[in-house]
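What follows is the structure, encoded as structure tokens:
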């Protein structure tokens, strides 16, 4: 199985006044392509920080992050931004759709940032995504006209439209009721299986964990080896 | 293609964001709109003031450029310099040479010789007029009239006597005064008047030569004049207009009197005072009772009552006294007392009294001591300080059309160039020969006027008194002046050949251009021509030549620019702060865009684009509102509520107009300011970390 994400001795310290918060204390993780992985842990354990490292939205104090075989240590902001655009998809707890854009425009947005595809191809790609997340009736709606579940489906479509190798989901069901949350999980799992897209979640929702092929437990900024048994839930 | 696609999403984002942040953008838009409106208004007003001023200055006296002595000590200041004294601007000794050289330049329409100078002139006194009236009554042989004028002269002499008795108490030169007092007392005697029957001429001559000179001349009026080629002047300055009489014919000497000067300086003092009161009370709504300055003005006017009563013969005086008693039944006394009571106006009776004056008094008196066709005597000092008097005919009254209320309107009267040169002290060829002959006769040394002082004092001679230019006129001198005046009231000198008009000196010259769109450049070009021909003159623009006036426009411009700068600064701060707040509100949105792969540049462009759209639209609206406002003001006019404004507006109202340039400048300037105000918020936005999108909210 090819490696999708590799973290080597990743340390992240935050200054907090005169103190230093050790958010990550040397984390080593390898996630293979197509894995459906959950990063679990209590609040403040460092799971969001870990996700930030994988998502290249933050840089480690020390250690290495390799995404899709590409080391990220030497990348500047511009390089990391390009990497996020090309290789990663993001799903947020609060959906984070752009409020002034319609469903179609929100989904199309990353393609426009890439600026690689022609209009016809973009429309084709967006149409597929809409089909996939079943939002045909809501294509012209703005985010504030959509339900929570619909919004998260738009967000999933947005994350997948560039066909990234890795999708990061930060507590994707936390703001959804349980039925909707389950549907979202099912959708993601379906995509994971169909497209071999790597999914990495941060969550403390046991239902998601039950779907995960692998759970990485993180406690006090370090991986809890006791709980890190691969395939624990799946 | 990719850029276009990105631009389209940027535009969509920017446009929709603007729409979704209505409150913020309403504030920013309002400020931008207001700013651009004020800039349009301010610059349009200023440009209109500038144009008005340019018109009133260039089209009346200055022309587009002024030429004067390169070696002049002071700078030319047509409308007064920083100091009150007359600037030393040298002279152009050979005007013809300058004119010929400059008129050859392609852009020059005319070169008009000028010479600003000043003289004093004395209007004939009421005593003079009474003598004149007596003389014509005697000639006509109307005993009743003779008796009336005799009585009038006697009452004037009685007043004069009082004055001299007072004077005697303070004077050191009692002998002379006592002799004069004796002459005055002679006029009080019946015996003196009895001689009228036998030797009338002697009586009149006595009055004319002994008594008349003792009567205080009414105020010596300062006459600012501009020696010029009057025909060329009239042709070159399009606001020039003859309102009465005619132009001084070519080859004739003479004066053209300025209408504003006539109204504001020459006219009967009481008529002027009443007009000034009318302006304050009726037009400006002030109240005498509440305004000490107006009260002082009324007091002064009351003291001037003789300016009316002295003009009346006994018959007229009786008639007026009857009318005055009818108007003021409670008033007592003779016509003098009635007139004083009449002039003591208050808020209640002012307009009735003004009506009465215009109806009953104005027609009975001479409102102007002279008019078209009269010859007046003016006295001046030559440049080297010699007093010089001349009788000169008034051919006409002129005005600068449309500029009646501007400060330049009454600044100068016009005089023919030849008379000017004589009063200024330039020798004509004939005079020079005559003088040379005289000098040879008496063996005098030829001393230049400038060196006269050194020649006199260097020799250590005791000179008790030195007559200086501008010093008061002694009694002796006044009798010289009087002699000139009495010399048959004829014009001193003969006609001259119009062809020789340009031969000789001018102090400066006005240059009128064919294309005056860039006077600065034209000034440089002409300066080059002048230097090539070694004319020894400097060429300056009208702004520079107009002295304080030109500087005032610059001052107003500076004030406006400072005001605009402050407006910009305030707009900058408010827009900046509002945008920073808005940026903070949009942290998640910006973080999300950054997280899913939007570069910093994308965020920066997005912010600037939002401002650009908002600014362009708001500034456009503001610009149009400003233009509409200027257009409206252009219709109704902006009233000059203060004298300084009257001056700036070149009249009682300013009718501003705007040019396309005002609108474009305002639009671009305010857009620039808004973009500038967005740089920092946009920079802050680019600093938003993509990680903020990930922050889990519990």
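Protein chains in written order, with the working numbering: chain A, 1 to 234; chain B, 235 to 932.
Beta carbons: idealized from backbone N, C-alpha and C, even for Gly.
On a predicted model such as this, the values are computed, not experimentally measured, just so you know.
Straight-line Cα distance separating residue j from residue i
i, j, result
"residue 91 of chain A", "residue 53 of chain A", "15 Å"
"residue 921 of chain B", "residue 61 of chain A", "19 Å"
"residue 525 of chain B", "residue 510 of chain B", "14 Å"
"residue 266 of chain B", "residue 240 of chain B", "28 Å"
"residue 189 of chain A", "residue 927 of chain B", "23 Å"
"residue 890 of chain B", "residue 595 of chain B", "41 Å"
"residue 817 of chain B", "residue 899 of chain B", "29 Å"
"residue 766 of chain B", "residue 304 of chain B", "14 Å"
"residue 912 of chain B", "residue 276 of chain B", "25 Å"
"residue 361 of chain B", "residue 339 of chain B", "56 Å"
"residue 611 of chain B", "residue 879 of chain B", "37 Å"
"residue 827 of chain B", "residue 924 of chain B", "8 Å"
"residue 514 of chain B", "residue 520 of chain B", "6 Å"
"residue 51 of chain A", "residue 825 of chain B", "15 Å"
"residue 224 of chain A", "residue 49 of chain A", "16 Å"
"residue 656 of chain B", "residue 581 of chain B", "51 Å"
"residue 9 of chain A", "residue 217 of chain A", "16 Å"
"residue 273 of chain B", "residue 129 of chain A", "52 Å"
"residue 21 of chain A", "residue 13 of chain A", "5 Å"
Option nearest residue i by Cα separation, candidates the options
i, options, result
"residue 536 of chain B", "B/503, B/251 and B/787", "B/503"
"residue 807 of chain B", "B/513, B/915 and B/302", "B/915"
"residue 575 of chain B", "B/581, B/565, B/584 and B/582", "B/565"
"residue 491 of chain B", "B/633, B/247 and B/561", "B/633"
"residue 831 of chain B", "A/212, A/170 and A/57", "A/57"
"residue 598 of chain B", "B/386, B/554, B/362 and B/628", "B/554"
"residue 464 of chain B", "B/653, B/839, B/258 and B/253", "B/653"
"residue 421 of chain B", "B/398, B/384 and B/295", "B/384"
"residue 80 of chain A", "A/94, A/65 and A/138", "A/65"
"residue 350 of chain B", "B/425, B/456 and B/410", "B/456"
"residue 439 of chain B", "B/365, B/477 and B/377", "B/365"
"residue 160 of chain A", "A/122, A/146, A/175 and A/43", "A/122"
With 16 other Cβ atoms within 10 Å as the buried cut-off, status of residue i
i, result
"residue 7 of chain A", "buried"
"residue 110 of chain A", "buried"
"residue 205 of chain A", "buried"
"residue 703 of chain B", "Because residue 703 of chain B carries a pLDDT of 37, less than 50, the predicted location of this residue cannot be relied on, and the following value inherits that uncertainty. Residue 703 of chain B comes out exposed."
"residue 237 of chain B", "exposed"
"residue 589 of chain B", "exposed"
"residue 35 of chain A", "buried"
"residue 487 of chain B", "buried"
"residue 179 of chain A", "exposed"
"residue 386 of chain B", "buried"
"residue 919 of chain B", "buried"
Simplified DSSP state of residue i, which is helix, strand or coil
i, result
"residue 351 of chain B", "strand"
"residue 156 of chain A", "helix"
"residue 246 of chain B", "helix"
"residue 403 of chain B", "helix"
"residue 471 of chain B", "coil"
"residue 305 of chain B", "coil"
"residue 493 of chain B", "helix"
"residue 215 of chain A", "strand"
"residue 135 of chain A", "coil"
"residue 147 of chain A", "coil"
"residue 338 of chain B", "coil"
"residue 778 of chain B", "helix"
"residue 239 of chain B", "helix"
"residue 89 of chain A", "strand"
"residue 635 of chain B", "coil"
Identified DSSP bridge partners for residue i
i, result
"residue 479 of chain B", "B/630"
"residue 202 of chain A", "A/39 and A/170"
"residue 650 of chain B", "B/462"
"residue 14 of chain A", "A/21"
"residue 32 of chain A", "A/3"
"residue 772 of chain B", "B/302"
"residue 920 of chain B", "Its beta-bridge partners do not exist; DSSP assigns none."
Residue i beta carbon near the ligand COA (any heavy atom closer than 8 Å)
i, result
"residue 257 of chain B", "Annotation note on the ligand COA: not contained in the displayed structure, which lists no ligands."
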